[in-house]
Amino acid sequence: MTVNLKPSTAKGQALYRRAKTLIPGGTQLLSKRPEMFLPEQWPSYYSKARGVEVTDVDGNTYVDMSMMAIGACVLGYADPDVDAAVKAAIDAGSATTLNAPEEVELAELLCELHPWAQMVRYARSGGEAMMLAVRVARAHTRRDKIAFSGYHGWGDWYLAANLADERALDGQLMPGLDPAGVPRGLKGTALPFHYNRLDQLKAIVDANRGEIGLVVMEPRRGDAPEPGFLEAVRDLATEIGAVLIFDEVTTGFRMTDGGIHKLLGVNPDIAVFAKAMANGYPMAAVIGTSTVMEAAQSTFISSTNWTERVGTVAALATIRKCRRACVADHLIRIGELTFAGWKKAAAKTGIALHTEGLPSLTHFVFEHSDEPTLTTLFTQDMLERGYLAYSQFKPSFAHQPSHVEAYMKAVESSFAAIADAIRAGDYASRLKGPSARRGFYRLTS
Ligand SMILES: Cc1ncc(COP(=O)(O)O)c(C=O)c1O
Numbered sequence: 007m008t009v010n011l012k013p014s015t016a017k018g019q020a021l022y023r024r025a026k027t028l029i030p031g032g033t034q035l036l037s038k039r040p041e042m043f044l045p046e047q048w049p050s051y052y053s054k055a056r057g058v059e060v061t062d063v064d065g066n067t068y069v070d071m072s073m074m075a076i077g078a079c080v081l082g083y084a085d086p087d088v089d090a091a092v093k094a095a096i097d098a099g100s101a102t103t104l105n106a107p108e109e110v111e112l113a114e115l116l117c118e119l120h121p122w123a124q125m126v127r128y129a130r131s132g133g134e135a136m137m138l139a140v141r142v143a144r145a146h147t148r149r150d151k152i153a154f155s156g157y158h159g160w161g162d163w164y165l166a167a168n169l170a171d172e173r174a175l176d177g178q179l180m181p182g183l184d185p186a187g188v189p190r191g192l193k194g195t196a197l198p199f200h201y202n203r204l205d206q207l208k209a210i211v212d213a214n215r216g217e218i219g220l221v222v223m224e225p226r227r228g229d230a231p232e233p234g235f236l237e238a239v240r241d242l243a244t245e246i247g248a249v250l251i252f253d254e255v256t257t258g259f260r261m262t263d264g265g266i267h268k269l270l271g272v273n274p275d276i277a278v279f280a281k282a283m284a285n286g287y288p289m290a291a292v293i294g295t296s297t298v299m300e301a302a303q304s305t306f307i308s309s310t311n312w313t314e315r316v317g318t319v320a321a322l323a324t325i326r327k328c329r330r331a332c333v334a335d336h337l338i339r340i341g342e343l344t345f346a347g348w349k350k351a352a353a354k355t356g357i358a359l360h361t362e363g364l365p366s367l368t369h370f371v372f373e374h375s376d377e378p379t380l381t382t383l384f385t386q387d388m389l390e391r392g393y394l395a396y397s398q399f400k401p402s403f404a405h406q407p408s409h410v411e412a413y414m415k416a417v418e419s420s421f422a423a424i425a426d427a428i429r430a431g432d433y434a435s436r437l438k439g440p441s442a443r444r445g446f447y448r449l450t451s
């Protein structure tokens, strides 16, 4: 690995400035905006990636101890097994007038892993698959209203929550989402409750008697479910005849072979997977009971590119490797080492740090009134040490304990420099560019 201290990211930044004049918002995914990490310095674009390493367009190579393709590359970049299967599929023709037989194989595999489900439909991204799931569930119940908790993508059904109250989605993982362009007629159809707040869900159900057709949530993301919470949600959904949808777009295949709900002992009527299921190739699946999924035949849900072969083949190869190599156990081990390392580095350097999240979706927060600036300083400092680093780390199968060990040496030095800057009171002036900015907002330059 070539570690380039004080890397120049000039080419990447110039390309991003061009992008902002051509692509509204600069990127296709909010979480890949350079402003989220290190405005005016982040490498922004890559030329190649393998294992845990990413080479940017300026020729610098970094170890990725951050988002690993925002959680998609669960096996690591350019995984040889998945890529061999994909290359074979490309060589054999990735799309024809006939269907890809692997669609059936993958449906059987997903239902084998989730024995409560009997049927499967596919899409190619998480938000799109959630829209599909919501349509199927509404077609089944013939009711419009949705009680939901958490973040579920860019769909109209979801952003409609902000038509009723523009802060409704705050506290649901992604603050400030603007519903401009979402039909005002959807106002009042998406009603938010917070995780572990059964009282809030009950209040929504009581205020909308006979009208709630869907309950949509992640089975778990940050906090553990309080004892009985998920069971009570399940019972309530059944009692009112609503479809319970578990969004496993981010959690799926990270804690076990399939959905995290398998570990929590509560089954939904529909579960949705994307991200990790195909190691970065576009793929998403909506699995469900045949009773509910049959409703997909009573409404028009159909798309040409959902039939291409690469995503399906990549998902089969990824899921099979996840099972064969006990990938989830590895992710948990790497995540636990990371949590322990962060805590040790914080204690040693006198940094006040809070850690949270599942071991395979780790996260820390500087306990400081100007947390965003400290996190930006951390990213800046770690970039100079050869790391893509952020306050979140999504471990992959390619990460070894030795990577965590080397990273922690760098983290310790970085935390020491930050502690020094806090003591000196000049941490903000140590940034070489603006502080990172999270959440949704309009880019102005
Ligand atoms: C829980 C959850 N649902 C849906 C989505 C949207 O998925 P995608 O970005 O693939 O559209 C995400 C993305 O982060 C997610 O975390």
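Using this note's numbering, the first residue of the sequence shown is number 7, and each one after it goes up by one. Every residue gets a Cβ at the ideal spot worked out from N, C-alpha and C, and that includes glycine.
For a cut-off of 8 Å, the C-beta gap from L367 to A427 is around 28 Å, too long to register as a contact. Straight through space, the alpha carbons of G216 and I246 are spaced by roughly 7 Å. In this structure, DSSP gives Q398 an extended state, which the three-state scheme calls strand.
Shown here, K54 sits in a strand according to DSSP, grouped into three states. Between ligand 1 and the CB of D162, the shortest heavy atom gap is not smaller than 7 Å.
By the Cβ test, the segment 61-78 is not in contact with the segment 93-111, since fewer than three Cβ pairs between them sit closer than 8 Å. When DSSP states are grouped into helix, strand and coil, E46 belongs to the coil group. Residue pairing by DSSP places P198 opposite F154 in a beta bridge. In the structure shown, G294 falls within a strand segment according to DSSP collapsed to helix, strand and coil.
V126 is the residue among V126, L236, A334 and F421 whose C-alpha sits nearest the C-alpha of E111.
Annotation: the continuous alpha helix (DSSP H) that includes Y164 extends over D162 to L165.
For the 8 Å CB-CB criterion, I307 and A123 do not form a contact. Distance between Q398 and N66, taken at the CA atoms: about 22 Å. Under the three-pair Cβ rule at 8 Å, the segment 195-202 counts as touching the segment 157-167. Membership of M74 in any beta strand (DSSP E) is not indicated, and neither H nor E is assigned to it by DSSP. A straight-line Cα-Cα distance of about 31 Å links F259 and E373. Here F421 carries a helix assignment [DSSP, helix/strand/coil]. Take the alpha-carbon of D62 and the one of I152: they are about 42 Å apart. For D89, the uninterrupted alpha helix (DSSP H) segment begins and ends at P86 to D97. Residue environment analysis places I251 among the buried positions, since at least 16 neighbouring C-beta atoms fall within 10 angstroms of its C-beta.
When rounded, the separation of the alpha-carbon atoms in L81 and N285 is 6 Å. As far as DSSP is concerned, I325 takes part in no beta bridge. In the three-state reduction of the DSSP assignment, T361 falls in the strand class, which pools E and B. Excluding five sequence positions before and after Y22, the CB atoms of its chain that fall closer than 6 Å to its own CB belong to P40 and S50, given in chain order.
In its chain, beyond the 5 residues on either side, S155 and G156 have a beta carbon closer than 6 Å to the beta carbon of M223. In its chain, beyond the 5 residues on either side, M71, S72, F384, T385 and M388 have a beta carbon closer than 7 Å to the beta carbon of A395.
Here P225 is buried. Its C-beta has 16 or more other C-beta atoms within 10 Å.
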